[in-house]
Amino acid sequence: MLLKTSTEQWELQWRRPDAKLASIKGEPISASTWLQDVAAATHWLNEQKGDALLYQRDWYRFSVWFFALLESKKRIILPANDKPATLSELSSQYAFRVPEELPSIGRSDAPSLLLKGDLDSPLTFFTSGSSGKPKAVEKTLRQLWLEVETLEQTFAAQLGQTDILATVTHQHIYGLLFTVLWPLAAGRSVTLPLVDYPEQLQQILAKASHQRYALVSSPAHLQRLDNLPQLADYNHALAVVFSSGGALADSVPNDFADHGLPAPTEVYGSTETGGIAWRQRNPGASQSFKPLAGIEVSCDDNGLLVIQSPYLNDSQSSYVTEDKVQLKGNGGFLLLGRQDRIVKIAEKRVSLNEVEQFIQQHNWVESAKACLLRTPRVELGLVLVLTPEGHTQLNTQGKFKARQELRHHLQQRFEKVVVPKRFRYMQQLPYNGAGKVTQADLQALFEEEN
C-alpha cells in the first residue's frame with residue numbers, strides 16, 4: 001500500500017516518478033505528471049476562499065481537483081449531478097465551483113512524490129434520491145481511508161496487480177472509493193475513459209496480453225451485458241467484477257459462471273453507512289452477505305438491519321438501515337428487500353414496492369418502477385420496460401388497451417383508487433451514473449404532459 005496513516009495525517013508516497021497511475025486511451029499517465037497537476041491546482045485553490053463544489057465527469061480532472069482541495073484544506077461538496085436545479089438548491093452551501101479545466105503549469109524536473117493531508121478533512125456527499133429527495137451526508141477522509149484499508153485487506157488476494165476498469169461515476173461514494181481512492185492507495189492503475197458499452201469492455205479485454213483487469217460496475221450495467229459469450233474468449237483478462245448500488249438479479253452470477261467468467265463480487269452499503277458486507281455467488285456458494293471487518297450486524301423488531309461501523313460518523317452508535325434482512329448462523333445475513341415505501345393516494349396507503357413487484361408478475365413486464373406524481377393531482381406513475389411479448393401487444397393493441405390490461409392486473413391486488421393511471425414505456429429504466437433510478441428522474445418522464 002502506498003497509503004500510510006497516523007493519528008491525524010495521511011500520506012501517499014510513490015517510489016518512482018514514472019509509476020503508472022492511469023492510462024487514457026492507451027497513453028500512460030505517470031505519478032509525476034499527476035502530482036504536478038495536483039500541485040498547480042492546489043496553488044490556484046489557495047487563492048480561493050470558502051467551501052468548494054466539485055463535479056467533474058472526467059476521472060483525471062476529478063482526481064486532480066479532489067486531492068488539490070484536500071491539500072488546500074477546503075471542504076468538498078460532491079453533488080449527485082450537475083443539473084441546474086441541483087446546483088441551485090446547493091448554492092448556499094458552497095462559495096465556488098471548481099472549474100472544468102486544470103490550471104496550466106510549467107513542468108518540474110523533480111516533483112515531490114509525496115502527498116499528505118489531514119484525516120479529518122470534511123466532505124459532503126448526497127444520497128442518490130432513489131427513495132425521495134437526495135439528502136446531505138457528512139463524512140471525513142478518515143472514514144474513507146479506513147474503508148480503503150479494509151477493502152484492500154479483504155480483496156487484495158483476488159485483485160493482485162490488476163488495472164481498474166469502471167462503468168460507474170466517481171461522483172458517488174462507491175465510485176470514489178473503488179475507482180479513485182483505493183487504486184491510488186494500492187498503486188493500481190485506472191484504465192480510462194469509463195466503459196459505457198459492452199463492446200468497449202470486449203475490445204479492452206481482447207487487447208490484453210498479460211494484463212488482468214478488475215471491473216467496477218453496477219447491477220444496471222451488468223444486467224445489460226449481452227456479449228458474455230464473446231467476453232468468455234478473454235476470461236483470462238478479467239480477474240474480478242465488483243457490483244454495488246442496488247440488487248443484482250439472481251440470473252447474473254449464473255450467467256457469468258456459465259461463460260467461465262468470475263461471478264460478480266456484490267458489495268452492499270450506502271452513502272450513509274459506507275460498505276457493510278459482500279458476497280460472491282459462485283455456483284453452490286452461500287447466498288448470504290458477509291460483513292466486512294469491523295462491522296457488527298443485528299436485527300431490530302421490524303426485521304431491519306442494524307449495524308455498528310467504524311465508517312459511521314458516530315462509530316459507537318447503532319444505525320438502523322431501511323433494508324429488511326434475515327440473520328444467518330454464520331454471522332452473515334440475507335437481504336429481503338427495502339422497507340416498504342409507503343405513500344398515500346386519496347387517503348389510502350399503498351406500497352410502491354408492492355406495486356412494482358406485482359406488475360412484474362405480468363408476462364408483458366420485464367421491470368418496473370413506480371413514482372408519486374403531484375400534478376395535476378396526487379397519483380402514481382408507472383415506468384415499465386416490456387418483454388418482447390409486451391412490445392408485441394403494445395404495438396398490436398395500442399396504448400389505451402394495453403394500459404387497460406395492466407390496470408386490470410393491478411386491480412386484482414390493489415384498490416382501484418390507488419392503481420396507477422399514467423404509464424411510460426421505456427427501452428430501459430433511467431439509471432444514473434451510480435446505477436440508481438431516482439424519483440426525480442422518474443417524475444421527469446411525466447412532466448411533458450403538464
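Mapping to the UniProt record's numbering: the sequence shown position 38 is 38, numbers consecutive. A virtual CB, placed ideally from N, CA and C, is assigned to each residue, including glycine.
Which listed residue (the options) has its alpha carbon closest to that of residue i
i	options	result
residue 235	248, 256 and 67	256
residue 336	276, 269, 11 and 304	304
residue 240	138, 54, 158 and 260	158
residue 441	118, 373, 42 and 238	373
residue 425	351, 391, 344 and 415	391
residue 431	226, 309, 219 and 414	219
residue 205	144, 396, 233 and 186	233
residue 94	161, 77 and 84	77
residue 150	226, 6, 120 and 186	186
residue 88	99, 439 and 53	53
residue 358	6, 419, 389 and 181	419
residue 323	6, 339 and 42	339
residue 145	121, 406, 73 and 397	121
residue 5	45, 202 and 117	117
Exposure of residue i, with buried meaning 16 or more beta-carbon neighbours within 10 Å
i	result
residue 105	exposed
residue 400	exposed
residue 332	buried
residue 450	Note on residue 450: pLDDT 49, under 50, position unreliable in the model; the coordinate value appears next. Burial call: exposed.
residue 178	buried
residue 269	buried
residue 309	buried
residue 251	exposed
residue 414	buried
residue 36	buried
residue 79	buried
residue 288	buried
residue 15	exposed
residue 25	exposed
residue 100	exposed
residue 143	buried
residue 291	buried
residue 253	buried
CA-to-CA distance, residue j to residue i, given in whole angstroms
i	j	result
residue 86	residue 329	44 Å
residue 446	residue 327	40 Å
residue 189	residue 230	25 Å
residue 463	residue 134	Residue 463 is absent from the model: the chain starts at 1 and stops at 450.
residue 375	residue 341	20 Å
residue 69	residue 75	7 Å
residue 294	residue 62	30 Å
residue 321	residue 302	11 Å
residue 10	residue 141	9 Å
residue 55	residue 102	13 Å
residue 318	residue 311	12 Å
residue 242	residue 214	8 Å
residue 443	residue 20	44 Å
residue 82	residue 170	13 Å
residue 362	residue 402	12 Å
residue 3	residue 380	49 Å
residue 382	residue 370	5 Å
residue 411	residue 378	18 Å
residue 50	residue 438	30 Å
residue 276	residue 57	27 Å
residue 198	residue 261	15 Å
residue 8	residue 138	18 Å
residue 299	residue 307	8 Å
residue 196	residue 181	21 Å
residue 34	residue 42	12 Å
Contact set for residue i: own chain, Cβ-Cβ below 8 Å, skip 5 residues either direction
i	result
residue 92	none
residue 38	64, 67, 68, 71 and 115
residue 18	30, 31 and 32
residue 367	360, 384, 385 and 429
Sequence-distant residues of the same chain with beta carbon closer than 7 Å to residue i, five excluded per side
i	result
residue 136	124 and 126
residue 174	168, 244, 245 and 434
residue 248	219, 222, 264 and 266
residue 211	163 and 237
residue 176	170
Cut-off 6 Å between Cβ atoms - residues of its own chain near residue i, not counting five sequence neighbours on either side
i	result
residue 346	417
residue 166	179, 194 and 216
residue 200	none
residue 274	147 and 311
residue 191	23, 163 and 165
CB contact check: residue i to chain E, cutoff 9 Å
i	result
residue 51	Chain labels in this structure do not include chain E; a single protein chain is all it has.
CB-CB length for residue i against residue j, believed under 8 Å
i	j	result
residue 278	residue 266	6 Å
residue 387	residue 365	7 Å
residue 184	residue 12	6 Å
Distance cut-off 8 Å: residue i Cβ against heavy atoms of the ligand ZN
i	result
residue 338	Within the structure as shown, the ligand ZN is missing, as the structure has no ligands at all.
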